[in-house]
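Encoded as structure tokens, the structure appears first; notes follow it.
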Amino acid sequence: MFFFHYITNELRRRRGRTILTALGLAVGVGLVIMVNALSTGLDNAQSSVLKPLTGVGTEMSVSRPLQIGSNGGFTKLSKSEQKELRNEVGGGPGVNFTSLKAGSKVDTDTFRASGDLTFPESELTALSKIKDVQALAPSLTLTDTHLQGTIPKINITQKAEHFTTTTPSSAHSKRGGFPGAAGAGSTRTFNAFGRASAAFGGGSLTTSSRSITGVDKSQPTLAAVTPSQITKGSYFSSNGGAYQAIVSTGYADSTKLAIGSSLKIDNKTFKVIGISSAPLGGTASDVYVELTTLQKLAGYEGQVDTVEVEAANAADVSAVSKAISKDFSGASVTTASDLA
Numbered sequence: 085m086f087f088f089h090y091i092t093n094e095l096r097r098r099r100g101r102t103i104l105t106a107l108g109l110a111v112g113v114g115l116v117i118m119v120n121a122l123s124t125g126l127d128n129a130q131s132s133v134l135k136p137l138t139g140v141g142t143e144m145s146v147s148r149p150l151q152i153g154s155n156g157g158f159t160k161l162s163k164s165e166q167k168e169l170r171n172e173v174g175g176g177p178g179v180n181f182t183s184l185k186a187g188s189k190v191d192t193d194t195f196r197a198s199g200d201l202t203f204p205e206s207e208l209t210a211l212s213k214i215k216d217v218q219a220l221a222p223s224l225t226l227t228d229t230h231l232q233g234t235i236p237k238i239n240i241t242q243k244a245e246h247f248t249t250t251t252p253s254s255a256h257s258k259r260g261g262f263p264g265a266a267g268a269g270s271t272r273t274f275n276a277f278g279r280a281s282a283a284f285g286g287g288s289l290t291t292s293s294r295s296i297t298g299v300d301k302s303q304p305t306l307a308a309v310t311p312s313q314i315t316k317g318s319y320f321s322s323n324g325g326a327y328q329a330i331v332s333t334g335y336a337d338s339t340k341l342a343i344g345s346s347l348k349i350d351n352k353t354f355k356v357i358g359i360s361s362a363p364l365g366g367t368a369s370d371v372y373v374e375l376t377t378l379q380k381l382a383g384y385e386g387q388v389d390t391v392e393v394e395a396a397n398a399a400d401v402s403a404v405s406k407a408i409s410k411d412f413s414g415a416s417v418t419t420a421s422d423l424a
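This note's numbering puts the sequence shown at residues 85 to 424.
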């Protein structure tokens, strides 16, 4: 009792110090509780966001990225694949300016493959026969460079200029003088074309670039864009025709596109039927159209560059991934776990 009575008296006698100490302890305890609460909340939020990837994911993304060797060349490519690669990424915009007259209009699209090597859809047959593969959804992503405007008039002029050379005397001819020269030096005057100047007028050309992905709409839950990503509008429909388009939120905002808007691709008019959000852990294309439509427009008939693969169940993902890497030359397989 004496001990507690002594403590009580000391606390009352030094009230300022007592209050300050109590406040310090309260703040310390409060900070510890707050940090623990924030940490727990962050862990729960992260688990909730990544649950679709780290849970029972059965999907895999298969592509054939270009691999550059130590000598600067592409490795693991056959001669036919090297030729195909040159055809896909070689050259510039598909316009022959020398054949166009000044003042003529130009409105054209040039399609180029992105970072992955394309391959024939026929190779998907082998993938579908791998044990425990349940479904496949091929896609093709291309970069579309759009050139539009009026061909300018180009005038190129060259001005003649005069210059004089002096033939050295015989004493200096051994050091690069004109052969056959003798006696005192002589001078000669020459005419030559000097600087060229070019003038452009009467035209204006603008270029823009966008990424376009062809989607296999027969596998909506496995495709490059899924119905769950649609924030406005609707997904591809079977009775909507070949020229339906879904655009990303960012592209819609930058180009002022809305549901029902018209979108031109290679002089074909597409109707915007949906606006999509970016896929979780992935990169969104600007525009999504049907796969066969994009293949025909771009001249990539029968070619794809990515395949989404679904395994029968989560336990089979590892075995299926290894089988694809073994049987599909140059394949890069990304599972849900890798993406997380």
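Beta carbons: idealized from backbone N, C-alpha and C, even for Gly.
TODO: Less than 8 Å between the CB atoms is what I'm expecting for Ile349 and Lys316, so what's the real figure, rounded?
DONE: As a working mapping, residue 349 is identified with position 265 in the sequence shown. As a working mapping, residue 316 is identified with position 232 in the sequence shown. Rounded to the nearest angstrom, the Cβ distance from Ile349 to Lys316 is 20 Å, too far for a contact under 8 Å.
Under a three-way DSSP split, which group does Thr367 fall into?
-> Position 283 of the sequence shown, counted from the first residue, corresponds to residue 367. The three-state reading of DSSP puts Thr367 in coil, since its state is none of H, G, I, E or B.
Inset, instruction - Take the Cβ of Lys189 as the centre, count every other Cβ of all protein chains shown within 10 Å, and call the residue buried at 16 or more, exposed below. - result: For the purposes of this step, residue 189 is taken as the residue at position 105 of the sequence shown. Of the residues assessed, Lys189 falls on the exposed side of the cut-off, its CB having fewer than 16 other CB atoms within 10 angstroms.
Margin query: Pairs of beta-carbons, one from the stretch 298-318 and one from the stretch 396-412, closer than 8 Å: are there three or more?
Written below: Touching, no.
Practice task
Assign Leu122 to one of two classes, buried (16 or more other C-beta atoms within 10 Å of its C-beta) or exposed (fewer than that).
Solution key: Counted from its first residue, the sequence shown places residue 122 at position 38. Here Leu122 is exposed: its Cβ has fewer than 16 other Cβ atoms, across all protein chains shown, within 10 Å.
Taking Val356 and Met144 to be in contact with their CB atoms under 8 Å, please state how far apart those CB atoms are, rounded to whole angstroms.
Working through the sequence shown from its first residue, we reach residue 356 at position 272. Working through the sequence shown from its first residue, we reach residue 144 at position 60. Wrong, their Cβ atoms sit about 30 Å apart, outside the cutoff.
Return the chain-ordered list of same chain residues with a C-beta closer than 8 Å to the C-beta of Thr378, the five sequence neighbours on each side being excluded.
As a first step, residue 378 must be located in the sequence shown, where it is residue number 294. The sequence shown places Leu at residue 378, not Thr. These residues qualify, in order along the chain: Leu224, Leu226, Ile296, Thr297, Gly298 and Tyr384.
> Quick one: what does DSSP say Arg99 is sitting in, helix, strand or coil?
Replying inline: Taking the first residue of the sequence shown as 1, we reach residue 99 at position 15. Three-state result, Arg99: helix.
Output needed for Phe320: all residues of its chain with C-beta closer than 6 Å, excluding positions within five of it in sequence on either side, in chain order.
On the sequence shown, residue 320 is found 236 positions in, with the first residue counted as 1. Lys301 and Gln328, listed in sequence order.
Checklist line | Own chain, CB closer than 7 Å to Thr291, minus 5 neighbours either side, in chain order | finding: In the sequence shown, residue 291 corresponds to position 207, counting from 1. Contacts found: Thr229, His230 and Leu231.
For this session: Report the rounded CA-to-CA distance for Ser281 versus Pro236, giving the unit in angstroms.
Result: Residue numbering aside, residue 281 sits at position 197 when the sequence shown is read from its first letter. Residue numbering aside, residue 236 sits at position 152 when the sequence shown is read from its first letter. Note that Ser281 scores 49 on pLDDT, short of 50, meaning its location in the model is unreliable; the coordinates nonetheless yield the value given after this. Pro236 has its alpha-carbon roughly 15 Å from the corresponding atom of Ser281.
Give me, in chain order, the residues of the same chain whose beta-carbon lies closer than 6 Å to that of Tyr372; leave out the 5 immediate sequence neighbours on both sides. If you number the sequence shown from 1, residue 372 lands on position 288. Thr297, Val299, Val309 and Ile330.
Using a C-beta cutoff of 9 Å, does Thr310 count as contacting chain B? Structure shown: chain B not included; a single protein chain is present.
Among all the DSSP beta bridges, which residues are the ones paired with Lys348? Position 264 of the sequence shown, counted from the first residue, corresponds to residue 348. Lys348 is bridged by DSSP to Thr353.
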